[in-house]
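Using the working numbering, the letters of the sequence shown map in sequence onto residues 57 to 430. The beta carbon of each residue, even a glycine, is placed where N, CA and C say it ideally should be.
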Amino acid sequence: MNTLRLLIVDDDPRMRESCSLVLDGLRITMPWLPDEYALKVLFAGTAEEAKGIIEAGPVDLLLLDQRLPGMQGTDLLAYIVEKELDLQTVMITGNASLDTALNATRNGASEILAKPFTPEELRLSVTKAARFLILQRIAAKLDEERKKTRFEFISVLSHELKSPLAAVTGYLDMLRNRTLGDDLVAYDSCVERSLLRLEGMRRLIIDMLDLTRIESGIKVRTMAVHNLADIAADMIDGVRAQAAKRGITISPDLPDVAVKVDRVELEIVLNNLLTNAIKYNKEGGAVALTGQRIGHALKIQCRDTGIGMSPEETEKLFKEFTRIRNENTKHILGNGLGLSIVKKIVALYDGEVSVESRQGEGSVFTVILPGIIT
Ligand SMILES: Nc1ncnc2c1ncn2[C@@H]1O[C@H](COP(=O)(O)OP(=O)(O)O)[C@@H](O)[C@H]1O
Ligand SMILES: [Mg+2]
57 MNTLRLLIVD DDPRMRESCS LVLDGLRITM PWLPDEYALK VLFAGTAEEA KGIIEAGPVD
117 LLLLDQRLPG MQGTDLLAYI VEKELDLQTV MITGNASLDT ALNATRNGAS EILAKPFTPE
177 ELRLSVTKAA RFLILQRIAA KLDEERKKTR FEFISVLSHE LKSPLAAVTG YLDMLRNRTL
237 GDDLVAYDSC VERSLLRLEG MRRLIIDMLD LTRIESGIKV RTMAVHNLAD IAADMIDGVR
297 AQAAKRGITI SPDLPDVAVK VDRVELEIVL NNLLTNAIKY NKEGGAVALT GQRIGHALKI
357 QCRDTGIGMS PEETEKLFKE FTRIRNENTK HILGNGLGLS IVKKIVALYD GEVSVESRQG
417 EGSVFTVILP GIIT
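1. State the Cα-Cα distance for the pair Q144 and P69, rounded to the nearest angstrom.
2. Select from K335, G362, V411 the residue whose C-alpha is nearest the C-alpha of H387.
3. Please return the same chain residues whose Cβ sits closer than 6 Å to the Cβ of A242, not counting the five positions on each side in sequence.
4. Is T378 near ligand 2, going by C-beta to nearest heavy atom under 7 Å?
5. Below 7 Å, is the gap between the Cβ of I350 and the nearest heavy atom of ligand 1?
6. With H, G and I counted as helix, E and B as strand and the rest as coil, what does DSSP make of V313?
7. Our contact map puts L389 next to G256 with C-beta atoms below 8 Å; I'd like the distance itself, whole angstroms only.
8. Any heavy atom of ligand 2 closer than 7 Å to the beta-carbon of N332?
9. Could you spell out the range, first to last residue, of the alpha helix (DSSP H) harbouring E412?
10. At what residues does the beta strand (DSSP E) containing Q357 begin and finish?
11. Is DSSP giving L62 helix, strand or coil here?
12. Can you grab the Cα-Cα spacing for the pair G81 / C75, in whole Å?
13. Less than 7 Å separating the Cβ of S396 from some heavy atom of ligand 1?
14. Please indicate yes or no: does the CB of Y336 lie closer than 7 Å to some heavy atom of ligand 1?
15. In whole angstroms, what is the alpha-carbon distance linking A195 and E201?
16. Consult DSSP for Y93 and reduce its assignment to one of helix, strand or coil.
17. Give me, in chain order, the residues of the same chain whose beta-carbon lies closer than 7 Å to that of I401; leave out the 5 immediate sequence neighbours on both sides.
18. Could you check if V137 is buried or exposed, using at least 16 other CB atoms within 10 Å of its CB as the buried criterion?
19. On a Cα-Cα basis, can you pick out the residue from L79, A165, I84, L213 that is closest to E140?
20. State the start and end residues of the unbroken beta strand (DSSP E) segment that holds R302.
21. Roughly how many angstroms lie between the CA atoms of A353 and L425, to the nearest whole one?
22. If you follow the beta strand (DSSP E) that L343 is in, where does it begin and where does it stop?
23. Report the three-state DSSP secondary structure of A165 (helix, strand or coil).
24. Could you tell me if F421 is buried or exposed, where buried requires 16 or more neighbouring beta carbons within 10 angstroms of its beta carbon?
25. Just to confirm before moving on: does the CB-CB distance between D266 and I64 stay below 8 Å?
26. Give me the DSSP bridge partner(s) of Q144.
27. Do G347 and D360 come within 8 Å of each other at the CB atom, strictly closer than that value?
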């Protein structure tokens, strides 16, 4: 059970006592959170005393009488606002005039409670202020996490963009300084490798744009009815040359069904699964792309006879920039964004993507897209 510390500031000891009695057993819940919050009640007879307790902290909620001997409730409120303290105030006022209420809320109170009030009114005001406080804290935490994730993403991205730049710069330097002599032919492999690194960089930029567009929700989705087998055939055509170079065969087996999708999204998914199945395959291996209708859902599987992965390795998949690094993958170009993009797209359809793999034998990636077959 979580506890919120509530400070009652009132010069009347009977008032402090009765409020405390009402609030002692109060449990604060949020409609969509399993957590429950209890209150730990503290007391102060003056605003000065309250200030000391707040400074010693932490205080989460304040039940504050406006009228106090010496420093007034409103002065304490002004102090809290100025110091940007993370607490919410329920202000108790002597009269219920609109003016008083407006003033208090304008000055930073989250709730106004006019005397005389019932126990139920007290519970309600404190509950409202507490919920507001909890929500604010959750929002702040989410914002912090978002900033951190974004920073991590940009750090890795910068690193991934810097390394091809460094490689190409190195090759150009060799050329400028005629490191390999005056015969241009000697530099062929440098040029070849530079082009390869630049291609990797181009892919990374495209993938990153796809990813940020999907994530931001800015991308306009064009849902239309397409023939699944046609889209798959197009995507297979696109990777046939890459497969042929390594003697890999691709066999499609997809039903002739109409699917309602954003064509580009489905193309990105299929293309990523197919290129992976080719890249991480063995010479002369095979790739099978199958589709199966399950009610209104479509189950796509991409099966390969490639290098496969261990259970520990498959656990790490689908996160940004995840690549399995070992002897087998060392020379394979990639940026580790493809599967994270697949996962995000599949999520747009409330679908699922999963993998089953055996080291040295091959992998099967399964994508389920519910509701796309009408
Ligand atoms: N079919 C597959 N067989 C074996 N390993 C795979 C397969 N598909 C993906 N992987 C592993 O998952 C990692 C992440 O894949 P992906 O996100 O597409 O990035 P990339 O292909 O650019 O490295 C790859 O680096 C590879 O280690
Ligand atoms: Mg890939």
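Taking the geometry as given:
1. 22 Å
2. K335
3. L236
4. no
5. no
6. coil
7. 5 Å
8. yes
9. Taken as a continuous stretch (DSSP letters only), E412 belongs to no alpha helix (DSSP H), being part of the beta strand (DSSP E) at 408-414.
10. 353-360
11. strand
12. 11 Å
13. yes
14. yes
15. 10 Å
16. strand
17. I270, E321, I324, V325
18. exposed
19. A165
20. Segment: none, R302 is in no beta strand (DSSP E) and carries neither H nor E.
21. 6 Å
22. For the record, residue 343 in the displayed sequence is Val; it is not Leu. First-last of the beta strand (DSSP E) with V343: 342-350.
23. coil
24. buried
25. no
26. L117
27. no
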